[in-house]
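Protein chains in written order, with this note's numbering: chain A, 189 to 506; chain B, 189 to 506; chain C, 189 to 506; chain D, 189 to 506.
Below, the structure is given as structure tokens:
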């Protein structure tokens with residue numbers, strides 16, 4: 189597509205691609221509505237060998253956050269009871285059992301996560317016209333991640349853009365066009381269908397791990413889809429789009445008129461579910477080895493009441 | 189079985205049922221080893237209608253904790269960016285997008301969760317002989333939940349003990365015998381097999397919700413399996429046992445000689461994975477309606493490095 | 189005074205007692221401006237015996253919060269490094285020293301604290317006309333507690349209302365009039381002066397401790413000053429008012445037209461600093477014993493950037 | 189002094205300088221016992237002009253931590269209620285008042301703080317022979333900071349080593365000898381007395397602020413006192429030693445045999461209170477201007493039950 193990315197293009201796409209009202213005025217699921225029960229049954233048939241790939245990333249202090257965006261921090265894992273305490277007899281009276289226990293404190297979007305469709309606003313509105321002001325200090329009033337608690341199941345498809353290009357990873361700033369996605373799917377012998385969980389591999393996360401530092405991964409430049417991708421997602425009727433980057437879309441953005449043009453359309457206008465920071469190395473190697481780029485996908489969020497997203501560990505099962 | 193529950197019975201069961209070394213000296217998975225790839229393929233065939241049941245509970249300040257055990261607290265959900273802020277223009281310059289964001293702080297076992305098999309010790313040892321002192325303030329050195337990141341998938345079976353008894357819920361202190369489990373499975377026309385994720389419904393959580401208060405749910409009295417259940421789990425070679433209670437086993441315990449006798453055997457000796465505080469109402473109603481008590485189970489933990497467990501939202505798919 | 193407490197009285201007092209502009213349009217200190225350097229020098233002369241009274245309360249899980257107001261929680265104290273870990277040799281290599289370490293997580297107003305003067309708004313305005321919207325998710329933009337970092341020093345005066353009445357504690361709902369404060373000061377042989385830190389003892393906290401439960405202490409009913417007290421504080425030109433209750437003013441409030449009428453005047457109109465949940469037992473006993481109800485007061489807040497208050501441990505020195 | 193710093197010197201000093209039993213077997217205060225009531229009265233006479241200097245540092249995400257030591261993190265300040273929420277009417281019904289509120293989550297030693305004297309162990313012992321294992325996951329059993337709640341008051345003395353040397357700041361690795369401290373005091377026309385809170389200025393923090401980055405400030409190299417300083421502190425009978433660095437003693441340490449040799453003596457053997465990361469710029473400039481290097485010092489800790497220290501904002505009053 190030939191789009192002059194900027195305010196006008198965002199406004200135009202927001203109108204053309206709007207799913208407001210499409211699934212009723214009360215809808216809180218957006219594109220997850222594209223997944224029908226029969227899709228789940230069909231996806232189950234993709235489980236042929238029993239191999240399970242965990243796409244979640246380690247949640248610990250070595251995570252990708254550097255405080256660039258919104259003061260997010262890496263997961264803080266603290267122990268509430270420890271082995272040395274236990275062995276020293278500290279718990280023998282109370283509670284009368286030797287154990288260890290712990291707590292986790294993290295922004296829900298600090299590491300691998302789903303964005304809830306209430307995460308990004310268009311002016312004062314969320315998806316389906318909900319008032320953005322309802323996302324107050326008590327949490328996302330209407331479009332929290334809890335509504336998706338049993339909806340992140342279906343057919344998964346890997347589009348391994350990096351491998352398709354014959355590189356270890358795309359460079360920051362490299363955009364991915366709709367045509368490339370189509371060609372990539374063709375090469376992988378896989379058709380994108382209504383209700384798919386489409387997962388793009390850019391290799392960026394693997395580059396960070398190979399270099400031993402996250403740098404500006406979270407909130408910085410990245411390879412990713414071009415703005416036009418919003419039309420592709422709507423046309424394909426996919427359930428969700430996921431990547432191994434921080435924010436799916438290419439950065440620097442294709443315009444300086446506004447920040448994150450693609451986000452502004454796909455979330456508040458379309459209600460597209462988005463998965464970020466997926467760990468794809470093992471899955472991609474397996475797909476390359478057996479030539480099968482489709483699988484059963486199960487990526488349930490935690491049921492965080494009013495959450496703007498959820499840390500996750502999705503499973504790709506072949 | 190006719191067991192005189194106490195220190196001696198725990199010691200005897202710990203020895204008879206020990207899985208130390210069974211899957212190699214380095215094994216960090218315990219009974220999850222019972223699940224073979226072919227079991228997962230077979231379980232996929234149980235997905236016949238595409239219905240998905242989320243077994244996770246809402247994570248918010250209304251959770252079940254009351255600080256009785258180890259000072260656990262209910263999930264603390266705080267916003268890092270809000271809708272009213274955005275609408276007031278507070279983010280228009282930095283970061284240049286209207287959004288909301290949030291963080292979650294909770295003990296990993298505060299609500300619905302898996303126990304890692306390093307969670308409970310036998311004196312100074314964990315499952316497979318690992319030194320309990322390695323579970324120090326930096327986290328579970330060897331048996332953390334991260335090792336199970338792609339292993340919580342397989343066949344799920346619901347044993348609806350409450351419905352089988354014809355009651356809404358079992359009372360606190362009511363024990364469940366091995367015979368009852370067998371009879372319950374028979375009535376449900378379901379066979380317990382190697383590698384199963386067995387889920388017991390006592391109705392206790394539904395009672396708390398019906399009464400509008402958690403009371404001593406977390407850490408207090410409860411219906412649950414009798415001590416003899418450790419023999420049943422080992423004999424059946426199940427992958428995991430899960431319930432809608434705080435701690436699976438009956439409380440008050442069957443002995444006053446030691447706290448949580450069943451835990452002391454199934455975790456450090458057997459390496460049994462345990463799931464607690466599962467929300468089973470909807471699944472149970474559906475199983476009752478269609479008479480099918482088996483399903484595809486996918487309950488991935490978060491990849492918490494060194495975690496003693498993980499909050500979860502397992503999916504039962506029929 | 190004879191005030192018909194309600195919306196009209198609040199509006200009238202807000203206008204009559206407004207200190208907006210009194211100390212310049214940029215002022216972020218409010219009534220703390222009443223303390224002059226010479227007052228501090230004079231107050232130093234009250235240090236005659238070297239006795240020091242800590243007015244802070246223990247910060248731990250047994251604190252006064254019950255989640256009634258704004259989802260505040262009791263202080264969560266977690267260890268980052270422990271003695272048993274150290275003795276087990278877990279830190280001998282890294283970091284190479286045996287130590288213990290810990291973290292504290294708490295709402296700044298969960299226990300004894302100062303309110304920053306930006307804590308309460310009048311419609312869309314804070315003290316001195318600052319826009320309430322500047323208190324966004326990044327913190328109190330203009331009237332944060334950090335501005336007071338070296339201003340909480342001066343003369344302290346205890347008005348022991350409970351002892352003056354001859355009771356152990358005032359009952360919830362009992363109001364304290366301006367006349368009573370004057371009489372109480374007279375009996376204590378102490379004059380209220382410009383720049384004083386006035387501390388009222390109702391005994392409510394001591395009642396909770398005696399009864400072994402906080403109950404609805406935080407956010408519930410309480411003894412406290414009547415609405416007319418705002419006139420008294422302004423007239424006396426005090427620096428701050430402090431009590432052993434959750435919120436200084438009497439609850440149930442003297443009106444059902446609006447919540448917390450006194451707060452609405454003294455904070456956004458007057459810029460009065462307020463200290464809450466002070467532990468006064470020992471200080472009060474000493475004042476009773478020596479008959480001296482004035483002392484040097486030093487109650488520095490933590491320098492929490494943009495904080496709506498700060499946990500504190502003020503010192504009364506005689 | 190001519191000390192060959194290493195294991196042997198630490199062992200020797202630990203024995204020679206031990207204060208175990210000096211103030212009774214139950215003592216939990218260590219060198220704070222050196223402060224007598226009459227010292228506080230005398231110190232009050234140093235309040236001559238009413239100038240107050242806050243020595244605390246801003247508690248926010250821009251703090252000095254980088255995770256080098258024990259995974260400490262910078263203060264996390266999150267809002268629980270905000271101005272834009274209030275102005276949008278979100279709190280008009282519940283709780284019925286327009287306000288903002290917030291929470292703070294930080295390691296107690298993340299920024300400016302006191303070390304409790306139970307913070308560092310000698311093998312399996314704390315100061316006064318307390319068992320280090322009592323500092324378990326529930327907190328410092330015996331030597332927590334709460335015991336000092338009313339003991340951080342007395343005479344403060346600034347030894348401005350940087351200014352004395354005529355430099356803006358000492359370089360990392362530069363040691364400060366006992367002789368230099370004596371000469372510096374002489375030049376400042378101030379005598380070090382029993383019970384003093386001695387504050388050393390190296391300028392390191394000001395260098396970090398001038399350079400706009402903390403770098404390895406927390407846990408890295410630093411100027412500081414030489415090992416021999418433990419003898420000086422004991423000889424002078426000071427109450428506490430404080431600096432503008434992360435850990436008072438010079439780093440790299442004077443030996444590679446063990447980490448932090450000075451800490452190992454002054455805390456577990458002597459029970460010396462230590463203050464770290466003090467902000468000294470303004471106080472130092474004032475002392476330079478008026479030539480008066482002594483003042484009233486009031487640095488109360490928060491009453492953190494079982495805390496290994498406390499964030500603070502000490503006040504120097506002249």
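Glycine included, every Cβ here is placed at the ideal spot set by N, Cα and C.
None of the values given here were measured: they were computed from a predicted structure.
Continuous beta strand (DSSP E) stretch holding residue i: start and end
i: residue 295 of chain A; result: 289-295
i: residue 463 of chain B; result: 461-464
i: residue 376 of chain B; result: Per DSSP, residue 376 of chain B belongs to no beta strand (DSSP E) and is neither H nor E.
According to DSSP, residues forming a beta bridge with residue i
i: residue 437 of chain A; result: A/413
i: residue 498 of chain D; result: D/302
i: residue 503 of chain C; result: C/242 and C/486
i: residue 324 of chain C; result: C/327
i: residue 385 of chain C; result: C/344 and C/428
i: residue 247 of chain D; result: C/492
i: residue 319 of chain D; result: D/313
i: residue 333 of chain A; result: Partner(s): none; residue 333 of chain A has no beta bridge.
i: residue 364 of chain A; result: A/413
i: residue 308 of chain C; result: D/287
Within-7 angstroms CB hit, residue i to chain C
i: residue 496 of chain A; result: no
i: residue 273 of chain A; result: yes
i: residue 457 of chain D; result: no
i: residue 295 of chain D; result: yes
i: residue 403 of chain B; result: no
i: residue 337 of chain D; result: yes
Residue i at chain D interface by Cβ criterion, 7 angstroms
i: residue 321 of chain C; result: yes
i: residue 276 of chain B; result: yes
i: residue 493 of chain B; result: no
i: residue 324 of chain A; result: yes
i: residue 443 of chain A; result: no
i: residue 353 of chain A; result: no
i: residue 269 of chain C; result: yes
i: residue 389 of chain A; result: no
7 angstroms Cβ cutoff met for residue i and residue j
i: residue 320 of chain C; j: residue 269 of chain D; result: no
i: residue 357 of chain B; j: residue 391 of chain B; result: yes
i: residue 491 of chain D; j: residue 246 of chain C; result: yes
i: residue 363 of chain D; j: residue 440 of chain D; result: no
i: residue 248 of chain B; j: residue 493 of chain A; result: yes
i: residue 427 of chain B; j: residue 223 of chain B; result: yes
i: residue 438 of chain A; j: residue 412 of chain A; result: yes
CB contact check: residue i to chain B, cutoff 7 angstroms
i: residue 506 of chain A; result: no
i: residue 266 of chain D; result: yes
i: residue 292 of chain A; result: yes
Extent of the continuous alpha helix (DSSP H) to which residue i belongs
i: residue 471 of chain A; result: 469-478
i: residue 393 of chain D; result: 392-399
i: residue 269 of chain B; result: No alpha helix (DSSP H) contains residue 269 of chain B, which is instead part of the beta strand (DSSP E) from 264-269.
i: residue 350 of chain C; result: 349-353
i: residue 280 of chain D; result: No alpha helix (DSSP H) holds residue 280 of chain D; DSSP gives it neither H nor E.
Any chain E beta carbon closer than 7 angstroms to residue i
i: residue 461 of chain A; result: The structure shown contains no chain E; its protein chains are A, B, C and D.
Chain A within 7 angstroms of residue i, Cβ atoms only
i: residue 327 of chain D; result: no
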